[in-house]
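Residue numbers (the UniProt record's numbering): 1 to 588.
Glycine included, every Cβ here is placed at the ideal spot set by N, Cα and C.
This report concerns only the one structure given below.
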């Protein structure tokens, strides 16, 4: 309903002495369309308003003033003051305002702003102190934690915690073990005893025999400097590859043990070497030798020093003779010195994200731009115009349209924040911007954000058009023009058939088009589109329009079936199938 129609339904009154008909009409319409305000309801909503979290007093007063418009208060400022004192979130501000009598709205604002500013400043000043306290507290906790961890360390000589075996205050210092009669540890921490724990189980090994022992006390992660270890002592002789070395003039088959810290031979091999008059020098040693995984030291019969040779390389090495039967071991150090053990750390690095060392050399430096700008006649002319303001002497008039944006730093001329590239560097800049063959649009975006020169867009277009790689993909070959089907001489001579679907309902539309009149016949089919259903649909159409001379279809399974082929032969209809994968041929 329009305003005029509404006006005709309202009660009119005659205009007064100083009123016009228009003013009376506006007053009547305003009274009709202006909603009636319930002052009691609006004031109830006003009294329910509270200060929101993170809301300043100024923002709260603004909301109250907007609501007070509809409350018809006699004194709006007084009502707002009462509401702020009653509903403000700061108890401290409420007490401060209640201490004063007859607070005006302006006084309330000043008090609230002063308290809010003081609160922010105090928070800012106190914040760093809290951070420092947190750091010192954390450091104190860390120190206490380290002390508690030290107290948990157990000595593997006496079994007590809080010190290591090397501590001179260790109670086991100088004491003799009642089990093995050796000094330096108590019986409960003796490694020579064999205790089988409840969870112990035997391990089967096919290659090496490793003696196992259970420790009854924890040990720190360090070893005695007088202890040495051998990885393989007793093993399966048939499965360990050996290497022949010359020991003191006698060829000896040894096993290269990369985990052994010493060279070892057994008593039987030593007797054999003595019979063959080995050249060596006897030595004394106080070292303890342990097999890998064993806590029981090997029995050392003696040691000697001799020359060990492999091919033309010879080194001086110490050998230990043990009473137990075992294989001759060549330790890690001697194997490395002889060159028979090569442990390399070559790693095939990932080169997908490799950074070329000289990659940045192709980018022009700012010094190059400054140097070439000094000798560029075009930029020299612009710098002179910027200095003396004589733009009528400008050689390239294309700069006149942007002269208000031009400036210079040293010898470099800029348009806004973009460098104006000297003539000699422009081809290099174009080459950099064209990396990756981004195309004309992206290349313009790249260069426009950093550099500028007159006719830069034209230069970019010419550069892209001269790029052989871009031209290969920029202008693909146009498809051959379609040959229109010749118009038949009369209706229903030549027709084409195809399916449309599936539709949302799961059904298909079987469509037949007459080439002459473009007449369309449509048959709705269910989910089945077999040749029998197609033939039924064509029979109904042929009954109305007659038999055509030819029918064109695609190579769908129903159209290439024997059933459909026989149907067309019986009715004398020529079947024209379109080119595979070229559905456009089944058209005009």
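| query | result |
| --- | --- |
| Within 10 angstroms of its Cβ, does residue 515 collect 16 or more other Cβ (buried), or is it exposed? | buried |
| CA-CA distance, residue 41 and residue 58? | 25 Å |
| Cutting at 8 Å between CB atoms, please list the residues of its own chain near residue 252, excluding the five before and the five after it. | 244, 245, 246, 265, 269, 273, 328 |
| Only counting runs of 3 or more residues, tell me where the beta strand (DSSP E) segments fall wholly within the segment 494–571, in order along the chain. | 494–500, 508–514, 520–525, 550–553 |
| Distance check for residue 390 and residue 421, CA to CA, integer angstroms please. | 22 Å |
| Where do the N-terminal and C-terminal ends of the beta strand (DSSP E) with residue 302 fall, by residue? | 300–310 |
| Taking the continuous alpha helix (DSSP H) assigned at residue 457, which residues delimit it? | 456–465 |
| Span of the alpha helix (DSSP H) holding residue 373? | 366–375 |
| Per DSSP, residue 418 forms a beta bridge with which residues? | 415 |
| So, helix, strand or coil for residue 111, using DSSP? | helix |
| Residues in the same chain with beta-carbon distance under 7 Å from residue 163, minus the five sequence neighbours each way, listed in chain order, please. | 155, 169, 170 |
| Taking the alpha-carbon positions, what's the residue 172 to residue 304 distance? | 34 Å |
| If distances are taken between C-alpha atoms only, which option among 312, 382, 531 comes closest to residue 338? | 312 |
| Mark residue 22 as exposed unless 16 or more other C-beta atoms lie within 10 angstroms of its C-beta, in which case mark it buried. | exposed |
| I believe residue 497 touches residue 512 by the beta-carbon criterion, under 8 Å. Please report the beta-carbon distance rounded to the nearest angstrom. | 5 Å |
| Can we say the segment 517–537 touches the segment 478–486, given the rule of at least three CB pairs closer than 8 Å? | no |
| Within this structure, are the beta carbons of residue 398 and residue 454 separated by less than 7 Å? | yes |
| Looking at residue 508: is its Cβ nearer than 7 Å to the Cβ of residue 529? | yes |
| Taking Cβ positions, are residue 370 and residue 410 nearer each other than 7 Å? | yes |
| What's the gap between the Cα of residue 207 and the Cα of residue 276? | Because residue 207 sits at a pLDDT of 36, beneath the cut-off of 50, its placement in the model cannot be relied upon, and the following sentence gives the value as read from the coordinates. Straight-line Cα distance between these residues: approximately 31 Å. |
| With distances taken between CB atoms, is the gap from residue 336 to residue 320 smaller than 7 Å? | no |
| So, are the CB atoms of residue 263 and residue 330 less than 7 Å apart? | yes |
| Could you name the residues of the same chain whose beta carbon sits closer than 8 Å to that of residue 384, not counting the 5 residues immediately before and after it, in chain order? | 390, 393 |
| When DSSP labels each residue in this structure, what does residue 577 get in the three-state scheme? | strand |
| Would residue 60 and residue 54 be called neighbours here (beta carbons separated by less than 7 Å)? | no |
| Would you say the segment 542–551 touches the segment 487–496, given that touching needs at least three Cβ pairs under 8 Å? | yes |
| For a test of the three-state rule: what should DSSP assign to residue 452, helix, strand or coil? | strand |
| Would you mind sorting residue 373 into buried or exposed? The rule is 16 or more other CB atoms within 10 Å of its CB. | buried |
| Could you tell me which residues DSSP puts in a beta bridge with residue 408? | 413 |
| So what's residue 266 in DSSP terms, helix, strand or just coil? | strand |
| Pull up the distance between the alpha-carbon of residue 415 and that of residue 436, whole angstroms please. | 27 Å |
| Do you know how far the Cα of residue 73 is from the Cα of residue 6? | 33 Å |
| Check whether the Cβ atoms of residue 430 and residue 463 lie closer than 7 Å to each other. | yes |
| May I have the straight-line CA-CA distance separating residue 104 from residue 70, to the nearest angstrom? | 22 Å |
| Given a cut-off of 7 Å, decide if residue 317 and residue 308 are closer than it, judged by their beta-carbon atoms. | yes |
| Looking at the strands, I want to know which residues DSSP matches up with residue 329. | 255, 264 |
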